[in-house]
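**Student:** Residue numbers (the numbering used here), protein chains in the order written: chain A, 1 to 355; chain B, 1001 to 1355.
My questions all concern the structure below.
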């Protein structure tokens, strides 16, 4: 359980930001159902939250209503906690004078249901996704702590990867180490990625019962979760003596990551950053098969998206990855990934490893 | 990589089922975008698939187009694999004579985008969720294999849980064991659950850096993933001498699970099964804080849902959990969970442990 006092102050700040965005959008209310969005606003990852200009309610199952009341000082906690009885949220909304109610990007079938049962005009939008893209000081602290665990996990991986070690064994040991170092979950949703030799050319390859061969490249993509906040980093390790081409590409991708981070600045279009990285890779004679990066926070993938279709603009205190990669089908893959805190004047690479 | 020949035959069966459902619903086409639904139909977890009465197309990124063509015999594989170029899917759909196009329960914002760019009338529905609820022989085999790994993981947990062992250490060791036993991922999305003492009363409690005390109950909820298929099981272990009340409740919940499994039959309403379990728990003087069970397959939670709001009816070859639980806030929690294959005449408990 986190410190409730720090959290309450933090939660009030988040609510204030949401309310001023609601005001700009002409919304009298906002209904929050997505697990991570509920967690962002309420500090708890279960229930439904409704935010009005002068009120904020969190509906939870009876079990949690009891537990929450005792962990939060009722005075400081910005939400009234209510029990989630049948139709409780619906009835509450329909009794209030709300003309325009913001809702999240819920499934279209769920949206149609909501539309039938609620009086206000529903306005689907991603206000919270936008707000969550720029982090508070508190969040930056958690993200740094999460990155520290990831870096120590990566060191562990380096120490285990050698000719003859089995992919799956390395993954099992590293994931266990990351847990013991303080991560709340294994890396990401499906565990860390480790792919050696030919399978490193597959972006989503999973570790197999396969020995790592001398002369191969090993892509290691991992992270942690600390107080709800993810971290994400990738390194590509040569095992034994690798070919001259592989060696020069390793250097190229590693440098491209570094250059891109140096070059980045507040105010740039995320799509432009991606276009630049893509151009550099294509000039080398390869195609760039994925996006340049993604925001990291309470989700492992969130805004901003650094991809060709993105409309995001890079802003102060955004936290995102930079991950150029080159993949040669049936050959090998190379990816380097760091997570960056974008400052007004400087960039902080929170997954940089010394030495 | 799975056996491509078995897979192609299996994929043809799945496509046939979808096509006859499409026919019943008056749909000339169905657009598939959800990762697990794409995986179910195509055997690959990336891309977009379009199913027509006489055609099936899978669009993937160029990298995969190359890899897939070489792993599947083009003759047997039911999909034409195309490269996902900009607007490729949209253009293809708009050139065909499709009046009604089925789409999945995508986000309402994405649905609005689709509606703008596609000519056919869009019909959001969950045909694939319904189809996936009843499993093929091939799927049952994978689910059994996944459950075998889970059971061995549970045995490992039993061997490590004792007075003085740290929750997080046990979790790290068990997750590593599950990986080494052949699971493609750590359990579930966020790793296994292990909660001792007071935190066992929280359904979603995560393991902490906390020693397991004598006289406490430990809830262990874990599973595996094998060839894409999940497994799910829970046991509650008393450590040392526990109170008489806890002891009798342990027996009660364990028996309730057993009885419910015995009592289940094809044709029952899922909501009725839940109501029966809830009634038994309430008669004991407690509230039942979660649903009785959920389908297990390519997702850890899928149809059917055994809960009060469910409209699902239990059918042959559905695979789902039965997981009664009692939680005493600030006290302790007890849950027993098994995964069942529902047969016409008998039920197979694939997570039953001997002894």
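The C-beta atom is built at its ideal place from N, Cα and C for all residues, glycine as well.
Note that the structure is predicted; figures quoted are calculated from it, not measured.
#1: Are the beta-carbon atoms belonging to residue 1111 of chain B and residue 1120 of chain B less than 8 Å from one another?
#2: DSSP on residue 288 of chain A, reduced to helix/strand/coil?
#3: Between the alpha carbons of residue 1078 of chain B and residue 1011 of chain B, how many angstroms are there, rounded?
#4: I'd like the span of the alpha helix (DSSP H) that includes residue 1147 of chain B, first residue to last.
#5: Is it true that the region 52 to 60 of chain A meets the region 1192 to 1199 of chain B, where meeting means three or more beta-carbon pairs spaced less than 8 Å apart?
#6: With DSSP collapsed to three states, give me the class of residue 84 of chain A.
#7: Find the residues of chain B that neighbour residue 124 of chain A, judging by a C-beta separation of less than 7 Å, and give them in chain order.
#8: When burial is assigned at 16 or more other CB atoms within 10 Å of the CB, is residue 270 of chain A buried or exposed?
#9: Consider the Cβ of residue 191 of chain A: report whether some Cβ of chain B lies at a distance smaller than 8 Å.
#10: Does the beta carbon of residue 171 of chain A sit closer than 8 Å to a beta carbon anywhere in chain B?
#11: Tell me whether the beta-carbon of residue 1336 of chain B lies closer than 8 Å to the beta-carbon of residue 1244 of chain B.
#12: Can you give me the start and stop residues for the beta strand (DSSP E) that residue 1100 of chain B sits inside?
#13: Cβ of residue 31 of chain A versus every heavy atom of the ligand HEM: is any distance shorter than 7 Å?
#14: Relative to the C-alpha of residue 206 of chain A, which residue among A/182, A/225, A/171 is closest?
#15: Which one of A/313, A/325, A/305, A/314 has the shortest CA to CA distance from residue 288 of chain A?
#16: Should residue 1062 of chain B be flagged as near chain A, meaning a C-beta pair shorter than 8 Å?
#17: When burial is assigned at 16 or more other CB atoms within 10 Å of the CB, is residue 91 of chain A buried or exposed?
#18: Would you tell me roughly how many angstroms separate the C-alpha atoms of residue 1344 of chain B and residue 1268 of chain B, rounded to the nearest one?
#19: For residue 1253 of chain B, which option in B/1224, B/1283, B/1241, B/1316 has the closest C-alpha, if you only look at C-alpha atoms?
#20: What's the C-alpha gap between residue 1150 of chain B and residue 52 of chain A?
#21: Output the distance between the C-alpha atoms of residue 1187 of chain B and residue 96 of chain A, rounded to the nearest integer angstrom.
#22: Express the C-alpha separation of residue 1026 of chain B and residue 977 of chain B in angstroms, rounding to a whole number.
#23: Name the two residues that bound the continuous beta strand (DSSP E) containing residue 337 of chain A.
#24: DSSP has residue 235 of chain A in a bridge; who is on the other side?
#25: If you check the beta carbons only, do residue 46 of chain A and residue 64 of chain A fall under 8 Å apart?
#26: For residue 1214 of chain B, count neighbouring Cβ atoms within 10 angstroms of its own Cβ and tell me buried if that reaches 16, exposed if not.
#27: Can you confirm whether residue 91 of chain A, when its beta carbon is compared against all beta carbons of chain B, has any partner nearer than 8 Å?
#28: Under the three-state reduction of DSSP, which class applies to residue 325 of chain A: helix, strand or coil?
#29: Provide the residue span of the beta strand (DSSP E) that contains residue 30 of chain A, from first to last.
#30: Comparing alpha-carbon positions, which option in A/263, A/131, A/109 lies nearest residue 40 of chain A?
#31: Check whether chain B comes within 8 Å of residue 184 of chain A, counting only Cβ atoms and requiring the distance to be less than that.
#32: Quick test of the definition: if touching needs 3 or more C-beta pairs under 8 Å, does the region 1018 to 1032 of chain B touch the region 1100 to 1115 of chain B?
#33: Taking the alpha carbon of residue 234 of chain A as the reference point, which residue from A/211, A/331, A/157 has its own alpha carbon closest?
#34: What distance in whole Å lies between the Cβ atoms of residue 1224 of chain B and residue 1146 of chain B, which are believed to be in contact at a cut-off of 8 Å?
#35: Output needed for residue 331 of chain A: all residues of its chain with C-beta closer than 8 Å, excluding positions within five of it in sequence on either side, in chain order.
#36: My output table needs one value for residue 123 of chain A: the three-state DSSP class, helix, strand or coil.
**Tutor:** Concretely, from the data shown:
#1: No, the Cβ-Cβ distance between residue 1111 of chain B and residue 1120 of chain B is not below 8 Å.
#2: In this structure, residue 288 of chain A counts as coil in the three-state DSSP scheme.
#3: 7 Å
#4: 1137 to 1160
#5: At 8 Å Cβ cutoff, the stretches do not touch.
#6: coil
#7: 1108, 1109
#8: buried
#9: yes
#10: yes
#11: With contacts defined as CB atoms closer than 8 Å, residue 1336 of chain B and residue 1244 of chain B fail to qualify as a contacting pair.
#12: 1100 to 1103
#13: No copy of the ligand HEM occurs in the structure displayed, which carries no ligand at all.
#14: A/171
#15: A/325
#16: yes
#17: exposed
#18: About 12 Å.
#19: B/1283
#20: 45 Å
#21: 43 Å
#22: Since the first residue of chain B shown is 1001 and the last is 1355, residue 977 of chain B is not available in this structure.
#23: Premise fails: residue 337 of chain A is in no beta strand (DSSP E) and is neither H nor E.
#24: Paired residues: A/220.
#25: Yes; because the gap between Cβ atoms is below 8 Å, this pair is in contact.
#26: exposed
#27: no
#28: Strand at residue 325 of chain A.
#29: 29 to 32
#30: A/131
#31: yes
#32: yes
#33: A/157
#34: By a beta-carbon distance limit of 8 Å, residue 1146 of chain B contacts residue 1224 of chain B. Their separation comes to about 5 Å.
#35: Excluding sequence positions up to five before and after residue 331 of chain A, its CB lies within less than 8 Å of the CB of 198, 201, all in the same chain and listed in chain order.
#36: strand
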